[in-house]
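These protein sequence lines are chains A and B, in that order. So in this note's numbering, the last spot in the first sequence is 380, and the numbers never skip. So in this note's numbering, the last spot in the second sequence is 259, and the numbers never skip. The block underneath contains the structure these notes are about, expressed in structure tokens.
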Amino acid sequence: MSERAVPTNIRMIDRDGLDALIRDLVGQGRRVIGPALRDGALVTGPVASVDDLPAGVIDHQEAGGYHLDTHGNGALFHNVVGPHTWKRYLYPPVRTLWSARRAAGGLEVMADDAPVPRYAFLGVRGCDLAALRVLDRVLRDDAFADPYYSASRDALFVVAVNCTRPGGTCFCASMGCGPRVGEGFDLALTELPCEDRHVFLVEAGSEAGTALLAGLPSEPADRAALAAAEARLAEAAESMGREMIPDVAQVLRDGLNSPHWATVAERCLGCANCTLVCPTCFCSTVEDVTDLSGAEARRERRWDSCFTLDFSYIHGGHIRRGGDARYRQWITHKLAHWHDQFGTSGCTGCGRCITWCPVGIDITEEAKAIKNREGRA
Amino acid sequence: MAVKRPKLAVWKFSSCDGCQLSLLDCEDELLAVAEAVEIAYFLEATRAEVRGPYDISLVEGSISTPHDAERIHKVRRKSKSLITIGACATAGGIQALRNFHDVNDFVRAVYAHPEYISTLAKSTPIQDHVQVDFELHGCPIDKFQLLEVLNAFLNGRKPNIPRHSQCVECKLAGTVCVMVARGEPCLGPVTQAGCGNLCPSNDRPCYGCFGPKEMPNTGSLADWSARRLGQDARQVRHLFRAFTAYAEPFRKESEAHE
């Protein structure tokens with residue numbers, strides 16, 4: 004690897020350089036969103052300078068469990084994804100789609116014309132960048148584009164981060180989504196918190212990224228740093244806490260009548276947490292809200308989930324009453340039928356659904372269980 | 002031509018009055034309510050009474066005395082739509098804790114003259130006695146949900162009152178899960194949303210004030226609380242035995258840990 008020429012689009016910055024990057028993005032009029040420490044977890048929130056980033060915070064994740072710890076090296080990104088996802092910003096939890104009021108001669112309908120924010124996301128991991136590509140396909144590039152998602156996505160600047168310390172519920176390597184970020188970033192960072200010097204390799208992935216990087220105080224990436232980054236990423240890929248079986252799509256297609264669904268249902272709470280922390284779950288419901296006089300009304304879209312009873316209500320009744328049917332719907336759509344519908348898997352291996360399930364149901368284990376039960380049948 | 006406003010009545014049974022107060026607590030919106038309906042019977046707010054029948058009756062409180070059990074039928078007969086509000090009216094309330102014991106033991110222990118006390122053996126929800134058109138959960142109810150229900154009835158549409166878990170409200174608000182991140186047993190996954198994410202957003206687990214969600218899996222939550230969060234049988238029993246203890250799924254779960 005050290006024989007390879009040093010790529011010209013990769014530079015090296017230090018902590019001050021990262022601070023300059025954040026300030027430049029703010030200076031462009033962007034709302035910079037990055038990792039934020041709150042209520043015992045790394046969530047997302049506004050970032051104004053490098054001092055806002057959680058230095059030395061590491062996370063421990065397991066099925067149904069999450070806690071934070073500190074690490075002496077002061078690394079900013081030696082942690083992985085928390086309960087928030089980027090869809091919160093591009094596809095907000097609640098949004099008014101349009102409103103109407105009674106007027107002389109009928110109804111006056113008003114489109115939603117809220118200004119589209121110009122975001123910069125800082126710290127987008129491989130799994131979550133892959134999730135943005137999945138959502139692009141669903142909400143922007145497919146037959147029914149969501150105008151708000153499309154506009155805010157097109158205005159987005161992505162500062163991605165290559166993961167060098169995967170978490171206990173991560174399995175992006177087996178989904179082909181990480182730990183190195185794939186396509187779609189403007190800049191990608193690899194953090195190297197060496198004892199003598201805390202630096203970041205910065206790779207530009209777009210014209211906007213290249214332009215921004217050119218204005219930062221940086222130096223050429225040296226071979227040693229590049230080699231160190233490669234070694235860390237290779238090690239990260241090998242040390243994921245979880246792994247998805249490679250033939251999961253076929254296993255689930257073959258397992259629609261598996262007795263295992265009833266076994267999962269004994270544990271599944273039907274609480275919808277897995278879908279709401281999933282970076283690609285996009286299901287929503289719409290509600291019509293009126294004022295007391297009936298003179299004004301608005302239509303609101305709200306995140307919903309295939310785990311709620313009312314989500315499957317159609318004329319005459321609910322079609323997915325039990326936990327078995329709801330869990331099967333979610334996992335088969337996510338890992339099998341998403342391929343048929345959108346040409347990719349709906350799962351990027353971020354592991355959030357495992358960590359944030361209150362009773363620790365593990366999507367990788369359930370897939371294995373379906374496979375093993377089918378094998379025995 | 003003046004449009005005749007629907008008549009609204011608010012009735013109290015065995016309760017603390019907190020849910021009625023939610024209506025008075027509507028403040029700004031209360032004026033709009035008073036414009037949209039004629040408040041015909043609401044002793045918490047006014048002594049003036051307009052005779053029935055009433056278009057909408059809001060019923061607070063549980064049935065806990067022989068007098069309650071008789072009076073609720075009169076209220077039903079005078080009401081076109083009857084909406085029960087709060088944990089007492091929909092699940093028997095905190096006073097339903099007596100349902101798990103012999104009420105006579107309490108009466109003897111508490112009152113100097115037990116012979117003056119006329120009470121039923123159990124405190125029960127209104128639905129056990131008369132037909133109810135809509136149940137609004139909460140201890141107390143959420144004023145915005147109350148407005149939504151009134152609004153929906155006045156406009157002839159279905160109320161937007163979700164029956165899903167409290168977790169959905171936490172996740173929409175971006176609240177970090179107290180059960181996963183702090184290891185505290187939380188009733189959120191089996192409790193109906195609607196409180197406005199009150200406790201978890203203040204770093205406390207959900208106490209289940211809004212009662213069971215649709216098809217709650219209480220057994221799984223109890224099992225995890227015991228095995229992984231270190232709760233003994235008494236703690237698990239108490240987890241489910243609070244403001245909505247007599248709601249069937251919670252009652253069955255607490256009884257399983259007797």
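Just so it is clear, CB atoms sit at the ideal spot from N, CA and C, and this is done for glycine as well. Just so you know, these numbers come straight off a predicted model, no measurement behind them.
With respect to the 8 angstroms criterion, His258(B) and Arg229(B) are not classified as neighbours on the basis of their beta carbons. Close to Arg304(A), with beta-carbon spacing below 7 angstroms, lies no residue of chain B; the smallest spacing is near 12 angstroms. For Ala23(A), the uninterrupted alpha helix (DSSP H) run begins and ends at 18–30, by DSSP. Exposure of Tyr316(A) is indicated by the presence of fewer than 16 other C-beta atoms within 10 angstroms of its C-beta. In this structure, DSSP gives Asp56(B) an extended state, which the three-state scheme calls strand. The beta carbons of Cys353(A) and Asn276(A) sit about 14 angstroms from each other, so the pair does not count as a contact at 8 angstroms. Taking the Cα positions, Tyr208(B) is about 33 angstroms away from Ile36(A).
For the stretch 250–277 of chain A, the residues whose beta carbon sits under 7 angstroms from a beta carbon of chain B are, in order, Glu269, Arg270, Cys271, Leu272, Gly273, Cys274, Ala275, Asn276. Within the stretch 102–180 of chain A, complete beta strand (DSSP E) segments of at least 3 residues are found at 109–114, 122–127, 160–164, given in chain order. DSSP places Thr351(A) outside both helix and strand once states are collapsed to three, so it counts as coil. In this structure Val38(B) is buried. Its beta-carbon is surrounded by 16 or more other beta-carbon atoms within 10 angstroms. Taking C-beta separations shorter than 6 angstroms and ignoring five residues to either side along the sequence, the partners of Thr213(A) in its chain run Ala207, following chain order. Taking all protein chains in view, the Cβ of Ser296(A) is surrounded by fewer than 16 other Cβ atoms within 10 Å, so the residue is classified as exposed.
One thing to note: Asn152(B) has its Cβ no nearer than 8 angstroms to the Cβ of Lys123(B). Put simply, the CB of Ser221(B) is near chain A, with a gap under 8 angstroms to one of its CB atoms. Taking 8 angstroms as the CB threshold, Asp313(A) lines the interface with chain B. Of all residues in the stretch 66–82 of chain A, only Gly67, Gly68, Tyr69, His70 come within less than 8 angstroms of chain B when Cβ atoms are compared, listed by chain position.
Among the residues of chain B, those whose CB is under 7 angstroms from the CB of Ala44(A) are Val177, Ala182, following chain order. Between the alpha carbons of Asp294(A) and Ser102(A) lies a gap of roughly 11 angstroms. At least 8 angstroms separates the beta-carbon of Met247(A) from that of Thr335(A). Taking C-beta separations shorter than 7 angstroms and ignoring five residues to either side along the sequence, the partners of Ser65(B) in its chain run Ser15, Gln96, Thr120, Leu121, Ser124, following chain order. The C-alpha of Val181(B) lies about 30 angstroms from the C-alpha of Gly185(A). Closest in C-alpha terms to Asp69(B), from the list Trp225(B), Met216(B), Pro126(B), Phe107(B), comes Pro126(B). For the pair Glu36(B) and Ser82(B), the Cα-to-Cα distance works out to about 19 angstroms.
Under a 10 Å Cβ-count criterion, Gln64(A) is classified as buried, with 16 or more other Cβ atoms of the shown protein chains found around its own Cβ.
For Gln128(B), same chain residues with a beta-carbon under 8 angstroms away, outside a window of 5 residues either side, are Thr85, Thr91, Glu136 in chain order.
Shortest Cα-Cα distance from Gly75(A) to any of Gly68(A), Ser287(A), Trp89(A), Ala58(A) involves Ala58(A). No Cβ-Cβ contact shorter than 8 angstroms links Leu195(A) with Phe188(A). Looking at the backbone, the Cα of Arg183(B) and that of Asn82(A) are separated by about 18 angstroms.
Judged by pairs of C-beta atoms under 8 angstroms, the stretch 166–178 of chain A does not touch the stretch 307–314 of chain A, as fewer than three such pairs exist. Excluding five sequence positions before and after Gly53(B), the CB atoms of its chain that fall closer than 6 angstroms to its own CB belong to Lys79, given in chain order.
The C-beta distance from Ile40(B) to Leu9(B) rounds to 5 angstroms, short enough to meet the 8 angstroms contact threshold. In the structure shown, Trp341(A) adopts helical secondary structure according to DSSP, grouped into three states. Collapsing the DSSP output to three states places Ile13(A) in a strand. Assignment of Glu39(B) by DSSP, reduced to helix, strand and coil, places it in the strand class.
Non-local beta-carbon contacts of Gly189(B) in its own chain, meaning distances under 6 angstroms to residues more than five positions away in sequence, involve Gln167, Cys168, Cys207 in chain order.
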